[in-house]
Amino acid sequence: MNTQQPMEDRLWDYIDGFCSPTERSAIETLIAENREWQQKYAELLHTHQLLNNSELEAPSMRFTKNVMEEIARYHVAPATKSYINKNIIRGIGAFFLTMLAGLFVYVLAQFKWSGSSSSTSGPSLRLPSVDNLGLEKINYAKTFNSTWVIAFMLIVVVMGWMLLDMYLQQKKNQSAKQS
Amino acid sequence: MHTELTDTEIIKRILKGDQAIFAILVQRYQQYVFTLVHRFTDNREDAEEISQDIFVKAYRSLADFRGDSKFSTWLYTVVRTSCITFLRKKKLDTTSIDNERTALQLENRESGFKANAIEQKSRHAMVNEAIRLLSPDDSQLITLFYKGEQSLDEIGRIMGLEPNTVKVKLHRARNRLKEKMEKHFSYEIKELHND
Chain A
1 MNTQQPMEDR LWDYIDGFCS PTERSAIETL IAENREWQQK YAELLHTHQL LNNSELEAPS
61 MRFTKNVMEE IARYHVAPAT KSYINKNIIR GIGAFFLTML AGLFVYVLAQ FKWSGSSSST
121 SGPSLRLPSV DNLGLEKINY AKTFNSTWVI AFMLIVVVMG WMLLDMYLQQ KKNQSAKQS
Chain B
1 MHTELTDTEI IKRILKGDQA IFAILVQRYQ QYVFTLVHRF TDNREDAEEI SQDIFVKAYR
61 SLADFRGDSK FSTWLYTVVR TSCITFLRKK KLDTTSIDNE RTALQLENRE SGFKANAIEQ
121 KSRHAMVNEA IRLLSPDDSQ LITLFYKGEQ SLDEIGRIMG LEPNTVKVKL HRARNRLKEK
181 MEKHFSYEIK ELHND
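First to last, the sequence lines map onto chains A and B. When you line the first sequence up against the numbering used here, it's residues 1 to 179, in that order. When you line the second sequence up against the numbering used here, it's residues 1 to 195, in that order.
Set out below in structure tokens:
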């Protein structure tokens with residue numbers, strides 16, 4: 001039983017039938033014995049009953065006719081999954097994975113690996129330190145805060161989407177011609 | 001008889017090309033959809049136009065209904081996205097979902113209530129008016145729970161929330177509704193208690 005929960009929340013749960021049998025009997029006892037609980041319960045129950053008995057609003061008499069006239073101009077569109085080519089999704093996924101893998105390989109290639117001679121228990125690998133990566137030579141702030149670089153990246157992305165759109169449009173036209 | 005058909009059977013027939021049978025779905029859900037939209041938009045004409053668009057949208061994307069939920073749950077998702085789009089277009093603040101509607105709207109309503117003070121408001125009208133005073137999310141939550149025949153899980157799916165969050169929000173929404181009713185309809189509530 002959650003006694004920390006506010007009285008109103010517990011009563012709403014009781015009214016809605018969301019509480020456990022134990023909690024239910026505990027609340028029933030509280031309602032029967034405690035005047036404050038009794039009053040609050042009566043208040044909430046009244047609101048609940050008003051809401052339960054409230055009526056739905058009706059649109060104009062012509063509503064169904066208007067809708068039917070409107071849909072007469074349309075057809076049911078094919079299901080989204082039927083025109084989304086899974087190969088394209090896979091292709092986009094493969095493209096990004098290749099890019100990530102390429103980046104990973106490139107970063108690894110920048111490391112200057114060296115073996116450790118201090119240990120006699122076998123070969124060990126000293127992990128590259130930040131110093132020997134040459135990363136300090138790159139001016140990140142200048143590279144990534146440059147408006148030109150951001151503009152260039154945006155243009156590349158937009159062009160990529162345009163190309164993809166053109167390709168899909170071409171495919172669509174071809175299939176329309178065939179059918 | 002057409003009216004005996006389940007939603008799934010109707011959808012199957014529509015997908016086979018029987019467009020006219022969509023009218024049954026419209027008749028079956030128009031009040032639910034209209035009520036939800038009207039509580040979102042505040043304006044009857046807008047609500048009717050949006051509701052119409054919702055049914056057209058639902059018809060066009062019917063092939064996307066996979067049947068893993070009730071049709072009504074799927075339809076209410078379309079209602080929600082359409083209403084949010086409408087509110088965005090109207091440049092209303094939809095990000096802060098618990099925000100109350102503008103003071104101006106409230107004032108207009110209050111003056112409307114005062115004008116009709118002599119006329120005894122019906123119980124239903126009072127509840128509907130009070131619900132419309134809530135934030136769009138609160139009113140939608142209450143409508144879906146009480147009138148939309150949706151469980152906490154289904155409401156969660158429609159609103160993109162966890163069922164537990166839905167429960168907590170529902171508690172709060174009802175408490176706010178109670179406050180609104182006490183503030184704006186104290187006379188009517190007193191009368192109801194006396195009945």
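In this text, a Cβ means the ideal position worked out from N, Cα and C, and glycines have one as well.
Among the residues of chain B, those whose CB is under 7 Å from the CB of residue 9/A are 171, following chain order. Under the three-state reduction of DSSP, residue 156/B is assigned to helix. Secondary structure remark: continuous alpha helix (DSSP H) runs of at least 4 residues inside the region 51 to 115 of chain A, in chain order: 63 to 71, 80 to 83, 86 to 110. Our two residues, residue 140/B and residue 52/B, have alpha carbons roughly 18 Å apart in a direct line. For the region 37 to 66 of chain B, the beta-carbon criterion of a distance under 8 Å to any beta-carbon of chain A is satisfied by 38, 47, 48, 51, 52, 55, 56, 59, 60, 61, 62, 63, 64. With its beta carbon at least 8 Å from every one in chain B, residue 162/A lies outside the interface. The DSSP-derived three-state label of residue 53/B is helix.
Taking the beta carbon of residue 127/B as reference, the chain A residues within 7 Å of it are 50, 51, 54, listed in sequence order. In the structure shown, the three-state DSSP call for residue 183/B is helix. Taking 8 Å as the CB threshold, residue 22/B lines the interface with chain A.
Rounded to whole angstroms, residue 16/B and residue 79/A show a C-alpha spacing of 13 Å.
The C-beta separation of residue 50/A from residue 11/A comes to about 16 Å, leaving the pair out of contact by the 8 Å criterion. For the pair of segments examined, the region 143 to 157 of chain A was found not to touch the region 18 to 31 of chain B: the number of CB pairs separated by less than 8 Å stays below three. The shortest CA-to-CA distance from residue 179/B to any of 46/A, 98/A, 165/A is the one to 46/A. Per DSSP, residue 170/A is one residue of the alpha helix (DSSP H) stretching across 147 to 178. Note on residue 74/B: 16 or more other CB atoms within 10 angstroms of its CB, so buried under the neighbour-count rule. Residues of chain A with a Cβ closer than 7 Å to the Cβ of residue 157/B do not exist; the shortest Cβ-Cβ separation is about 18 Å.
Taking C-alpha positions only, residue 38/B is separated from residue 46/B by approximately 8 Å. Residue-level contact by beta carbon fails for residue 149/A and chain B, as no gap is shorter than 8 Å.
Cβ neighbours of residue 95/A within its own chain (closer than 7 Å, five residues either side excluded): none. With respect to the C-alpha of residue 16/A, the residue from 38/A, 52/A, 31/A having the closest C-alpha is 52/A. Using a Cβ-Cβ cut-off of 8 Å, residue 74/A counts as an interface residue toward chain B, since at least one Cβ of chain B sits closer than that to its own. For residue 66/A, the nearest CB of chain B lies under 8 Å from its own CB, placing it at the interface with that chain. Annotation: residue 54/A to residue 151/B spans about 18 Å, alpha carbon to alpha carbon.
Contact between the region 58 to 73 of chain A and the region 49 to 69 of chain B is present: three or more C-beta pairs spanning the two stretches fall below 8 Å.
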